[in-house]
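If you read the sequence shown in the numbering used here, its first letter stands for residue 2, the second for the next number, and so on. Think of the CB as a built atom: it goes at the ideal place given N, C-alpha and C, for glycine as much as any other residue. Keep in mind the model is a prediction, meaning the values are calculated, not measured.
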Amino acid sequence: MMEIQENNQSRSNEPKSAVSTPQLAIAALILSSLTGAIFFTDVSFPKTPAAVAAADFATEDVPDPFFGMMLEARSAIAVDLRSGEVLYERNPDVQLPLASIAKIALILSIAPVMDPEEYILLANGAYSVGSSDHLEAGERWLVKDVIDYTLLGSSNGGSIALAAAADASLRVLYPDAKSNEATLYAMNVLVDELGLEHTYFLNTSGLDEDGIVSGAYGSARDVAKLLARALASPKLFSSTAQEKLVVWEARGGKAAVAFNTNEALPVIPGLILGKTGLTDLAGGNLAIVFEPEPAHAIAVVVLGSTQEGRFHDMEELVRRIRDSL
2 MMEIQENNQS
12 RSNEPKSAVS
22 TPQLAIAALI
32 LSSLTGAIFF
42 TDVSFPKTPA
52 AVAAADFATE
62 DVPDPFFGMM
72 LEARSAIAVD
82 LRSGEVLYER
92 NPDVQLPLAS
102 IAKIALILSI
112 APVMDPEEYI
122 LLANGAYSVG
132 SSDHLEAGER
142 WLVKDVIDYT
152 LLGSSNGGSI
162 ALAAAADASL
172 RVLYPDAKSN
182 EATLYAMNVL
192 VDELGLEHTY
202 FLNTSGLDED
212 GIVSGAYGSA
222 RDVAKLLARA
232 LASPKLFSST
242 AQEKLVVWEA
252 RGGKAAVAFN
262 TNEALPVIPG
272 LILGKTGLTD
282 LAGGNLAIVF
292 EPEPAHAIAV
302 VVLGSTQEGR
312 FHDMEELVRR
322 IRDSL
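Pasting the structure below:
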């Protein structure tokens, strides 16, 4: 399933979102892996000797496992989620378009008010945002199936359906949200909760608003924090480790098939979750969490690469991380 085109120009000087959000205290995150390991409690990801060494040089005493590595990505980061150590970074705080990586924040934002085992009725509206979307108005779908379909196939129609279904319940939590924008409001509240300094959302899918403005902005470091939060809810994102998904509409027996947009999946052993992003403004993005060994999760993010380059960049980063361990 192909994603809708997004975009290559960065917005590094773009101000924080104009969406009004309440100021919430940033709580320390204590995250558990699929096997129960305890992860970092400091989400600031401070620079470490390993990250400094990874700049562009190696020392005689401490060889740099990333020395000489060539990436197409404008920005990248690799973080050990067990210790909080930054293993590698390249322009990690540059603000860039996120494209469909925004869908991670969408799922995290609707999860508190939507039961995965309930069904949603798709109201009148456009759900076929892209040639590979198979959702239509009047159909009933299981919430968990729409979540999986949206994440695995990067379905923009699925994003629209989930945002609309969660809107009324989220409006109760956020009465200041504009009409039909409670889900978007909640996504920007999540930004404050996690302390994402360079991130904001203008829509719920990450699609470019137009040829100049993207639907979501953020940095590689912020996305790594978002991945860490997603890892605390593994059931929500487990589908992203699959190659293919088939879901069934409740009443008509219609099937919707999604293929994983992460072409690097077969060459990343131990992948737990991942999300692609591709638009004209963003170029090619990819964010993953993988375990090189049991109970040892590592987040890797590449932003501002190309459609194919993001997969090559990720494969090279994962290989060097595994070799260094």
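In the assembly as shown, Glu-244 is an exposed residue. Its beta-carbon has fewer than 16 other beta-carbons within 10 Å. With the rule of 3 Cβ pairs closer than 8 Å, the stretch 213-233 counts as touching the stretch 279-292. Rounded to the nearest whole angstrom, the C-alpha separation of Gly-271 and Glu-294 is 8 Å. Within the DSSP bridge table, the entry for Pro-98 names Tyr-218 as partners.
Here Pro-117 is near Val-144, since their CB atoms are less than 7 Å apart. Beta-bridge partners of Ile-299 (DSSP): Asp-81 and Phe-291. The criterion of a C-beta distance shorter than 7 Å is satisfied by Val-192 and Thr-200. In this structure Ala-259 is in contact with Tyr-150, their Cβ atoms being roughly 5 Å apart against a cut-off of 8 Å. Rounded to the nearest angstrom, the Cβ distance from Met-70 to Glu-317 is 6 Å, consistent with a contact under 8 Å. With at least 16 other beta carbons inside 10 angstroms of its own, Ser-156 counts as buried.
Here Ala-124 is actually not in contact with Val-147; their C-beta atoms are around 13 Å apart, not less than 8 Å. Val-173: not part of any beta strand (DSSP E); member of the alpha helix (DSSP H) spanning 157-174, first to last residue. Considered as a whole, the stretch 209-271 harbours 221-232 and 235-238 as its complete alpha helix (DSSP H) runs of no fewer than 4 residues, in chain order. Listed in chain order, the non-local C-beta contacts of Ser-160 below 7 Å within the same chain comprise Lys-104, Leu-107, Thr-151, Thr-205 and Ser-206, local neighbours out to five positions each way being set aside.
Counting the other Cβ atoms within 10 Å of the Cβ of Leu-122 gives fewer than 16, which makes it exposed.
In terms of Cα proximity to Ala-256, the closest of Glu-264, Leu-82 and Val-247 is Val-247. Per DSSP, reduced to three states, the secondary structure at Thr-184 is helical.
Taken through DSSP and simplified to helix, strand or coil, Phe-312 comes out as helix. Annotation for Leu-143: no alpha helix (DSSP H) segment contains it, though the beta strand (DSSP E) segment containing it runs 141-143. In the DSSP assignment, Leu-109 falls within the unbroken alpha helix (DSSP H) covering 103-111. Residues of the same chain with a CB within less than 7 Å of the CB of Ser-240, apart from the 5 flanking positions on each side, are Asp-149, Leu-152, Leu-153 and Leu-246 in chain order. DSSP places Glu-90 inside the beta strand (DSSP E), whose first and last residues are 87-91. Contact annotation: Gly-278 and Gly-305 have beta-carbon atoms that are not nearer than 7 Å.
Excluding its 5 nearest sequence neighbours in each direction, Leu-326 has C-beta neighbours in its own chain below 6 Å: Pro-293, listed in chain order. In the three-state DSSP reduction, Thr-151 falls in the helix class (H, G or I).
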